[in-house]
Amino acid sequence: MTVKLPIYLDYQSTTPIDPRVIDRIIDVMKNDYGNPHSRSHSYGWKAEELVEIARRQVAKLINADEKEIFFTSGATESNNLAIKGVAKFYETVNKKHIITLTTEHKCVINSCRDLEQEGFKITFLPVQKNGLVDLNVLENAITNETSLVSIMAVNNEIGVIQPLAEIGALCRKKGVFFHTDCAQAFGKIPLDVDKMNIDLMSISGHKIYGPKGIGALYIRRKPRVRIKSIFSGGGQERGIRSGTAPTQLIVGLGLASEIAFNEMEQDYLHIKKLSKKFYDAVTALTHVYLNGDLEQRYLGNLNFSFAGIEGESMIMAIKDLAVSSGSACTSASLEPSYVLHALGVDDELAHTSIRFGFGRFTTEEEIDYAITLITKKVEKLRAMSPLWDMMQEGIDIKSINWKTH
Amino acid sequence: MAYSKELLEHYENPKNVGAFDKNEKGIGTGLVGAPACGDVMKLQIKVSDDGIITDAKFKTFGCGSAIASSSLATEWIKGMEIDKAQKITNKEIAEELSLPPVKIHCSVLAEEAIKAAIEDYKKNKENNYSEDDSEDDSEGDSEDDSEDDKNEDKMAVKKHKKN
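Going down the list, the protein sequences come from chains A and B.
When you line the first sequence up against this note's numbering, it's residues 1 to 405, in that order.
When you line the second sequence up against this note's numbering, it's residues 1001 to 1163, in that order.
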């Protein structure tokens, strides 16, 4: 069987849309184009009904009530809404402190930074070497002024899963709200807002084989979490998020959620098999290090550092694979990844990191092709690497007095 | 990111990858950059008695532009007088490879590597004239480098066999 090149191994940035979802979306676009907020005719009623079905499908996947689901444009908006919304509502009762992690997604970090500019106190907690938060450190950071703890479920760069149930229990005990960015977790690992004491959850459509431009925010009703909305407008989504609900995208997210609910076990077993094969083959190349905890991890994300090989040259060498570099040479900035930095990964290793992402549509043939290609190119690039030579000779690269530029 | 044809050619088929024995006569070695910054370039020249660079080799840890810049640099300086090679600027390298602005530092590194190799060659030559006490002049990291070279020789041999 031949594989289609380049092979898509970047499932954390986005996923292909499930064909079942595409068909459904097209059908809605053709036939159910009414505005779900129109009250005066059947086009509106039908669209509204479709939106409410999708709301139930999303709620079911996290064991929430449908009234607790609010549609947004995606996880970035949901994170902004949750963090700024809670901060600004509870500011009035002297709760002006928010806790988050240094390894969060940029939209969480920058939402917090914006609040900091407005006078809020933000604590960016460090993580341990394995990428996980230390619960004692978290407990000690919570004060009487803390309104919200925002900690992601699955890290987008390195795939580690934070201990959500433990964090939730701690937050409940301390009387602070727990928000979790589940863009990379929703539909992939079991989530239960009650068992995990989650008060707010950000959800994305395009990470679970659904369309881009749609997401949701779960907001707990009992005990009630209040937020100040960001958008001014017609008061749709019960005043939480104004703007016409995009029926076809919502239906897409709903169906993608239902498929994920029904096929989570199957997806998991498929990804586990591919992930193990890939992990075993790549680590056999020696001096290849997995970033983040090996056990507490979503297996569809493997972020490796290839010692002696700069990340961007590796990406160029394996151009038959669509992957992403943790090392930021691919972006305008030349700084290595802040997430790896937070884990205490040395700069020289951070520059060598590459994220491989697998999913529902990745085949074993593709993984075999990837393994063969990576093995060949690692050998080639190491043969031209002065650092690799030094490492082979047992020279500690740190002992050399480099002139940093 | 769209790279030029010239850059891609030097990246895909880099010229002059390998190493010389650092202690051989007429060799100059330049090691520039830093692992923490994401690029390290090692460029070596072999110089004849009349000051002509007869051969050049490199090994680079770095992005595609860094590898291409070092490959191009070694190609250019082969057959050149050292005084002329000394005058190669990063601008010429960047232009030849059409480096994007964020990659200009790769060409700077290549220029520095040529200069460092020539400087090292000149230093070695002086040390040879000043008789046998030259070892006292060796720098702190020279031991590391010579170990390094033994290995590079192996790598170079391996490479030749493959070819």
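For glycine and all other residues, C-beta sits at the position ideal for the given N, C-alpha and C.
Around the Cβ of Q248/A, a 10 Å sphere holds 16 or more other Cβ atoms; the residue is buried. By the C-beta criterion, the region 64 to 72 of chain A is judged not to be in contact with the region 261 to 268 of chain A, since fewer than 3 inter-stretch pairs fall below 8 Å.
Within chain B, P1035, V1040, F1061 have C-beta atoms less than 8 Å from the C-beta of L387/A, given in sequence order. The beta carbon of A322/A does not come within 9 Å of any beta carbon belonging to chain B, so the residue lies off that interface.
When the five nearest sequence neighbours on each side are left out, the beta carbons in the same chain lying within less than 8 Å of the beta carbon of M29/A are those of Q248, in order along the chain.
The C-beta distance from A183/A to S204/A rounds to 4 Å, short enough to meet the 8 Å contact threshold. For K1059/B, the beta-bridge partners assigned by DSSP are K1042/B. The DSSP-derived three-state label of V154/A is strand. Inter-segment contact for the region 1023 to 1040 of chain B and the region 336 to 350 of chain A is present: three or more beta-carbon pairs are separated by less than 8 Å. With the rule of 3 Cβ pairs closer than 8 Å, the region 136 to 151 of chain A counts as touching the region 164 to 181 of chain A. Straight through space, the alpha carbons of E139/A and I122/A are spaced by roughly 15 Å.
According to DSSP, G1028/B shares a beta bridge with I1045/B.
Check the Cα spacing between N1090/B and each of K1022/B, C1106/B, Y1003/B: the tightest is with C1106/B.
Taking a Cβ-Cβ cut-off of 9 Å, G344/A has no neighbours in chain B, whose nearest Cβ is about 14 Å from it. Using a Cβ-Cβ cut-off of 8 Å, I1067/B is close to S313, M384 of chain A, given in chain order. Here S202/A is near A82/A, since their CB atoms are less than 9 Å apart.
Using a CB distance cut-off of 9 Å, E157/A does not count as an interface residue toward chain B. Note on geometry: alpha-carbon atoms of A317/A and V323/A lie some 11 Å from one another. With contacts defined by Cβ atoms closer than 9 Å, Y298/A and D18/A do not form a contacting pair. With a contact defined as Cβ atoms closer than 8 Å, G34/A and A54/A miss out at about 15 Å.
Straight across, the Cα-Cα distance linking N303/A with G292/A is about 8 Å. S1069/B is classed as buried because its beta carbon has at least 16 other beta carbons within 10 Å across all chains shown. Under the three-state reduction of DSSP, P36/A is assigned to coil, being neither helix nor strand. Among the residues of chain A, none has a CB under 7 Å from the CB of Y1121/B; the nearest is roughly 18 Å distant. Beyond the five residues adjoining it in sequence on each side, I240/A comes within less than 6 Å, by CB distance, of F70, S229 in the same chain, given in chain order. Interface flag for V1047/B against chain A is unset, since no Cβ pair is found closer than 9 Å. When the five nearest sequence neighbours on each side are left out, the beta carbons in the same chain lying within less than 6 Å of the beta carbon of G1026/B are those of K1046, V1047, in order along the chain.
The Cβ-Cβ distance between I1118/B and G1030/B falls below 9 Å. What H351/A touches in chain B, judged by beta-carbon distance under 7 Å, is G1038, going in chain order.
Contact annotation: in the region 347 to 377 of chain A, residues whose CB is within less than 8 Å of a CB in chain B are D347, E348, H351. Bridge pairing for H179/A: S150/A, L200/A [DSSP]. When DSSP assignments are scanned along the region 81 to 144 of chain A, the uninterrupted stretches of alpha helix (DSSP H) that are 4 or more residues long and fall wholly within it turn out to be 106 to 117, 135 to 141.
When the five nearest sequence neighbours on each side are left out, the beta carbons in the same chain lying within less than 7 Å of the beta carbon of K60/A are those of F261, in order along the chain. Annotation: the continuous beta strand (DSSP E) that includes R355/A extends over 353 to 357. Taking every protein chain shown into account, the CB of L132/A has 16 or more other CB atoms within 10 angstroms, so this residue is buried. Where A216/A is concerned, the enclosing beta strand (DSSP E) starts and stops at 215 to 219.
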